[in-house]
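Protein chains: 2
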Amino acid sequence: MVASSVAAELIAVLVAVTEAAPQVLTIAEGASLPSGPLSPEHRSLQAGVRAWVERQTHHPLGYVEQLYTFADNDRNAASHADGRAISICYLGLTREQPNAKDDGATWCNWYDYFPWEDRRHGSVGDSTIVQALHAWAEAAPKPSQIRARSLRIAVAFGLEGRRWNEELVLQRYELLYEAGLVAEATRDGITCHSDTSGLGLGLPMQQDHRRILATGIARLRAKITYRPVVFELMPPMFTLLDLQRSVEALAGRLLHKQNFRRLVEQQELVEETGIMAEPTGGRPAKLFRFRADILQERAYAGTKPPLARS
Amino acid sequence: MVASSVAAELIAVLVAVTEAAPQVLTIAEGASLPSGPLSPEHRSLQAGVRAWVERQTHHPLGYVEQLYTFADNDRNAASHADGRAISICYLGLTREQPNAKDDGATWCNWYDYFPWEDRRHGSVGDSTIVQALHAWAEAAPKPSQIRARSLRIAVAFGLEGRRWNEELVLQRYELLYEAGLVAEATRDGITCHSDTSGLGLGLPMQQDHRRILATGIARLRAKITYRPVVFELMPPMFTLLDLQRSVEALAGRLLHKQNFRRLVEQQELVEETGIMAEPTGGRPAKLFRFRADILQERAYAGTKPPLARS
DNA sequence: ATCCTTATGCTCATTACCAGTATAAACAGT
DNA sequence: ACTGTTTATACTGGTAATGAGCATAAGGAT
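Protein chains in written order, with the working numbering: chain S, 3 to 312; chain W, 3 to 312.
Given below as structure tokens:
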């Protein structure tokens with residue numbers, strides 16, 4: 003009943019995939035996510051986001067879902083003096099990389115911000131990160147805290163026999179933030195107790211936008227394992243390898259080709275077009291198209307896991 | 003960047019389970035969910051919710067997560083004239099039913115609001131609902147809309163060979179709302195074209211609180227299948243049947259006893275206390291306790307599905 | 001002793017999942 | 001023409017998860 007008045011904005015994590023590279027739409031030369039006002043003329047928030055994004059990018063948004071609402075006092079430089087600033091964040095998927103650079107928006111490979119999340123070609127640089135994190139863990143005042151931190155590190159980075167979980171994007175970023183290993187942390191006044199201070203992993207963003215992006219990546223990585231949303235990122239026709247490369251780009255790891263194909267086909271999510279792809283040096287591949295008719299049903303019926311897996 | 007100023011409030015879906023009945027904390031004699039202000043003195047929203055709830059109920063909150071942020075113009079009577087009212091909703095789990103009726107808060111069985119969601123003793127009353135929904139579908143102006151509506155109905159209610167999906171709580175409520183079969187719809191000016199008008203299924207709530215509750219139930223039902231959160235609702239010691247009854251209460255359907263036990267034990271989520279439960283007419287059951295030590299790890303590591311299934 | 005009730009242990013078939021092998025279809029170079 | 005390279009596609013075996021059932025154990029009540 004008690005409703006305080008606060009400053010609120012919409013923030014969008016807009017994702018596309020081009021050539022096996024996951025892209026996110028940014029402004030301010032890659033330092034910010036696009037944000038817009040909470041316009042009262044739309045019936046729902048969702049509709050507001052969609053309208054605003056489509057007006058800016060001139061591209062239809064295939065899929066939109068709410069991501070999270072952030073309102074942390076200490077992470078948002080834009081907080082009002084009187085109240086709190088709320089960021090209502092959305093995740094949007096769009097087909098192809100739009101050429102619309104009109105208003106200073108650019109598409110950036112999201113692994114520029116999270117290099118450690120791309121493990122398609124091995125886990126390069128992990129040891130440095132883990133070392134620095136362990137230094138931070140050891141710097142905790144109480145033994146119980148040291149243990150707690152070490153456990154968090156081990157779980158997040160798949161150490162000690164655990165396996166890497168590609169959905170823990172946010173947990174990993176938050177660890178690095180708390181340990182002072184990303185630029186935003188030092189900016190926010192977090193001191194790094196280890197001598198590896200200021201590793202400055204990945205490109206920073208303004209305010210807490212990188213955290214929002216991490217949330218979006220995590221959500222999308224989780225989503226593709228149980229909802230057929232990858233197709234929102236694909237062109238009208240694609241080969242199964244194209245599709246696999248896109249999933250791999252999002253998940254940050256490679257998949258078993260044969261099993262991937264079987265999964266896709268037994269899901270009956272695609273159908274042949276009868277057209278063959280351009281030759282690329284090997285046996286030419288069939289072009290497939292997404293079965294839009296099945297989407298309606300699968301869009302919210304929890305059936306089998308549509309894609310991904312090891 | 004453009005940040006409009008809006009009215010904002012916190013809303014909590016607080017859940018407990020007593021005697022195989024899922025309970026939700028309400029105010030205004032069951033017509034509202036508890037809501038509080040967006041107090042700027044807390045570091046995060048989460049902390050704010052926790053503090054405010056614990057102060058009101060005098061009970062520790064075992065688990066809190068953000069649910070959704072609603073800001074629909076047409077569903078929220080509390081909208082400002084100038085701007086938009088935002089409801090940031092949280093889901094909270096608490097152990098046992100607190101006796102705290104201090105400030106007019108009462109615990110209500112959530113199936114009072116969603117009778118059709120409880121299928122533990124068969125699907126009573128479904129045919130009436132489905133009939134009324136089909137009447138609404140047929141009343142659509144265009145054939146394509148009729149088909150779309152029929153599909154939504156079939157998916158949501160598991161018709162035509164499909165199976166009931168207990169996580170589609172929100173979809174079912176929204177269908178009933180659109181079809182004018184719940185009291186809120188007529189209140190909001192939605193006319194019901196069929197003669198089954200005003201079925202008035204379930205108890206109504208103020209504003210869009212029933213929709214928020216539906217969202218909470220859906221989320222919780224999904225959550226228990228992949229995170230061990232049920233234990234937040236259990237007393238310190240319980241029998242495996244107690245645990246099963248709680249899961250069944252939340253899921254709204256019965257589970258296979260032996261398989262449930264196998265799942266719980268192979269997850270190593272519980273340990274024996276050595277104590278036996280009070281005799282209840284059959285062979286006495288062992289009392290178990292939740293292994294709090296395992297929680298840390300499982301809390302965010304995506305391992306095996308902890309509970310539920312058919 | 002017999003029956004009822006609940007607890008608990010075990011089996012079995014089906015299916016999902018993972019990894020590997022084998023073959024097919026194109027092209028480039030010798 | 002033959003060989004090697006690349007990519008596509010088919011098939012196979014092992015393991016684990018899942019769903020449904022049977023059987024037995026341990027208590028109380030008749």
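C-beta atoms are modelled at their ideal positions from N, C-alpha and C, and glycine is treated no differently.
Here the structure is a predicted model, which is why all the values come from computation and not from measurement.
Counting only unbroken stretches of 4 or more residues, the alpha helix (DSSP H) elements lying wholly within the segment 202-268 of chain W are 211-225, 242-253, in sequence order. Rounded to the nearest whole angstrom, the CA to CA distance from R212/S to Y115/S is 7 Å. Against chain S, the CB of V8/W has a partner CB under 7 Å away; the residue lies at that interface.
Boundaries around S89/W are those of the beta strand (DSSP E), 87-96, since no alpha helix (DSSP H) includes it. Contact annotation: the segment 46-53 of chain W touches the segment 64-75 of chain W, with at least three C-beta pairs closer than 8 Å. Using a Cβ-Cβ cut-off of 7 Å, A73/S counts as an interface residue toward chain W, since at least one Cβ of chain W sits closer than that to its own. If you ignore the 5 residues before and after Y175/S, its C-beta comes within less than 8 Å of the C-beta of F116, V184, R212, R213, A216, all in its own chain and listed in chain order.
Within the segment 46-70 of chain W, the residues whose Cβ lies closer than 8 Å to some Cβ of chain S are S46, L47, Q68, Y70, listed in chain order.
If one requires a minimum length of 4 residues, the alpha helix (DSSP H) runs lying completely within the segment 170-199 of chain W are 171-180, 185-189, in chain order.
Think of a sphere of 7 Å around the beta carbon of Q298/S: the chain W residues whose beta carbon falls inside it are L153, in chain order. Counting only residues of its own chain and dropping the five nearest sequence neighbours on each side, A22/S has a CB closer than 6 Å to the CB of R247, A251. Rounded to the nearest whole angstrom, the C-alpha separation of V272/W and I155/S is 25 Å. Between the segment 257-272 of chain W and the segment 125-140 of chain W there are fewer than three C-beta pairs closer than 8 Å, too few to call the two in contact. For I219/W, no chain S residue has a Cβ inside 9 Å of its Cβ, as the nearest lies near 15 Å away. Within the segment 30-41 of chain S, the residues whose Cβ lies closer than 7 Å to some Cβ of chain W are S37, G38, P39, L40, listed in chain order. The three-state reading of DSSP puts V55/W in helix, counting H, G and I together. Within the DSSP secondary-structure output, E67/S pairs in a beta bridge with L93/S. Among the residues facing chain W, V249/S is not included, as its CB has no counterpart in that chain under 7 Å away.
V132/S is outside the set of residues whose beta carbon lies under 7 Å from a beta carbon in chain W. Residue environment for T282/W: exposed (fewer than 16 other C-beta atoms within 10 angstroms of its C-beta).
Under DSSP, the beta-bridge partners assigned to L12/W are G38/W, I90/W.
Around the beta-carbon of T108/S, fewer than 16 other beta-carbon atoms lie within 10 Å, marking it exposed.
For I90/S, at least one C-beta of chain W is nearer than 7 Å to its own C-beta. Only residues of its own chain outside the window of five on either side were considered, and among them A287 have a CB closer than 7 Å to the CB of L243/W, listed in chain order. Proximity to L47/S across T28/W, T188/W, D74/W peaks at D74/W, based on C-alpha coordinates. The residues A10, E11, L12, L47, G50, I90, in chain order, have a CB closer than 8 Å to that of L40/S in the same chain once the five nearest residues on each side in sequence are set aside. Following the DSSP letters along the chain, one finds I148/W inside the alpha helix (DSSP H) bounded by residues 145-159.
Counting only residues of its own chain and dropping the five nearest sequence neighbours on each side, I148/W has a CB closer than 8 Å to the CB of A139, E140, A142. By the neighbour-count criterion, in which 16 or more other beta carbons inside 10 Å mark a residue as buried, R223/W falls on the buried side. At a cut-off of 7 Å between C-beta atoms, V157/W counts as an interface residue with respect to chain S. With a threshold of 16 other beta carbon atoms within 10 Å, E280/S falls short and is exposed. In the three-state reduction of the DSSP assignment, V132/S falls in the helix class, which pools H, G and I. Between P237/S and E56/S, the beta carbon gap of about 19 Å keeps them out of contact (Cβ cut-off 8 Å).
DSSP places P117/S in the helix class (H, G or I) of the three-state scheme.
Spatial neighbours of E186/S in its own chain (CB-CB distance under 7 Å, excluding positions within 5 residues in sequence) are listed in chain order as Y179, P206, R212.
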